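K.L.:
Put into structure tokens, the structure is as follows:
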């Protein structure tokens, strides 16, 4: 009987040593991503939480660079992936969990809420920029006047 | 007979199906100052949500998002 390889959705959070240079961190992330893609996985989302303070020290580090990757993969990939994590000294901690239907529903709802929020924020930004431009336009001639005034003052002081 | 005011599970109130370990602020509310998990009898959380909550807390602890043991201010 043919065994169907089922893809399950997983979420993995990796804490990378934040003392590394940003391109080194990028290289580690890229390595993880390549590993997933090469082994029949499919990445749905990469979320960088950036540098965060650890609530307790791990390997004498007080800060860590958090990266969250959500991906679909056959179950044997997880084993390969976690072995690679363990071999990499710059990875302080990792957590890989299977996302069930409830978790996925929760994430989707949260994402919808977030996108709605960012759209509203963007609109507000556009308004702000428009206002700023207006303000700048109004002020520009004044600045020129100021410059002339300064020139006049300088010339008068020279005299 | 002592009548106790019945506490309502906060997660039932907003019909939560999943408790996210990334949401450290929410989770921290269900731990003591020391970082211990608050028991069901105190917080009033229902059995179903306490199970989800405990899982989330333990995952968050592993990722150093919330402390295993918080240092008390001396």
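Protein chains in written order, with the working numbering: chain R, 9 to 167; chain G, 106 to 179.
Backbone N, C-alpha and C fix where the C-beta goes; we use that ideal spot for every residue, glycine too.
Predicted model only: the values in this text are computed from it and were never measured.
Pull the bridge partners of residue 125 of chain R from the DSSP assignment, please.
P.N.:
In the DSSP output, where bridge partners are listed per residue, residue 125 of chain R has none listed.
K.L.:
Which bits of chain R does residue 169 of chain G rub up against, with CB to CB less than 9 Å?
P.N.:
Within 9 Å Cβ-Cβ: 23, 60, 61, 62, 63, 64, 65, 66, 72, 100 and 101.
K.L.:
In the DSSP assignment, the alpha helix (DSSP H) including residue 95 of chain R goes from what residue to what residue?
P.N.:
First-last of the alpha helix (DSSP H) with residue 95 of chain R: 84–95.
K.L.:
Starting from residue 22 of chain R, trace the beta strand (DSSP E) in both directions and tell me its first and last residue.
P.N.:
Where residue 22 of chain R is concerned, the enclosing beta strand (DSSP E) stretches over 16–25.
K.L.:
Give, in chain order, every residue of the region 120–133 of chain G whose Cβ lies closer than 7 Å to some Cβ of chain R.
P.N.:
Those would be 122, 123 and 125, in chain order.
K.L.:
Ordered along the chain, which non-local residues of its own chain (more than five positions away) have a Cβ less than 8 Å from that of residue 171 of chain G?
P.N.:
Cβ neighbours of residue 171 of chain G beyond the five flanking positions: 129, 132, 133, 136, 140, 162 and 165.
K.L.:
Any contact between the region 48–57 of chain R and the region 90–101 of chain R? By contact I mean 3 or more CB pairs, one from each, below 8 Å.
P.N.:
Because the criterion of three Cβ pairs below 8 Å is not met, the region 48–57 of chain R and the region 90–101 of chain R do not touch.
K.L.:
In the DSSP assignment, find the unbroken alpha helix (DSSP H) run with residue 116 of chain G in it and report its ends.
P.N.:
Taken as a continuous stretch (DSSP letters only), the alpha helix (DSSP H) holding residue 116 of chain G covers 115–118.
K.L.:
Please state whether DSSP places residue 167 of chain G in a helix, a strand or coil.
P.N.:
Three-state result, residue 167 of chain G: helix.
K.L.:
Output yes or no for whether 8 Å exceeds the beta carbon distance between residue 73 of chain R and residue 58 of chain R.
P.N.:
Contact flag set, yes.
K.L.:
Between which two residues does the beta strand (DSSP E) harbouring residue 53 of chain R extend?
P.N.:
Where residue 53 of chain R is concerned, the enclosing beta strand (DSSP E) stretches over 50–66.
K.L.:
Residue 77 of chain R by DSSP, collapsed to three states: which one?
P.N.:
The answer is strand: DSSP assigns residue 77 of chain R an E or B state.
K.L.:
Spell out whether any CB of chain R is found under 8 Å from the CB atom of residue 112 of chain G.
P.N.:
It does not: the Cβ of residue 112 of chain G has no partner Cβ on chain R nearer than 8 Å.
K.L.:
What separation, rounded to the nearest whole angstrom, lies between the Cα atoms of residue 67 of chain R and residue 100 of chain R?
P.N.:
Residue 67 of chain R and residue 100 of chain R: Cα-Cα distance of roughly 7 Å.
K.L.:
At a Cβ threshold of 8 Å, is residue 115 of chain G touching chain R?
P.N.:
It does not: the Cβ of residue 115 of chain G has no partner Cβ on chain R nearer than 8 Å.
K.L.:
Name the residues in the region 149–167 of chain G whose C-beta lies less than 7 Å from a C-beta of chain R; which are they?
P.N.:
From the region 149–167 of chain G, only 164 and 167 have a Cβ closer than 7 Å to chain R.
K.L.:
Taking C-beta pairs closer than 8 Å, name the residues in chain G that residue 29 of chain R reaches, listed in chain order.
P.N.:
Result: empty, since nearest Cβ-Cβ is about 22 Å, beyond 8 Å.
K.L.:
Using 8 Å as the limit for Cβ to Cβ distance, is residue 124 of chain R near chain G?
P.N.:
By this cut-off, residue 124 of chain R is not an interface position.
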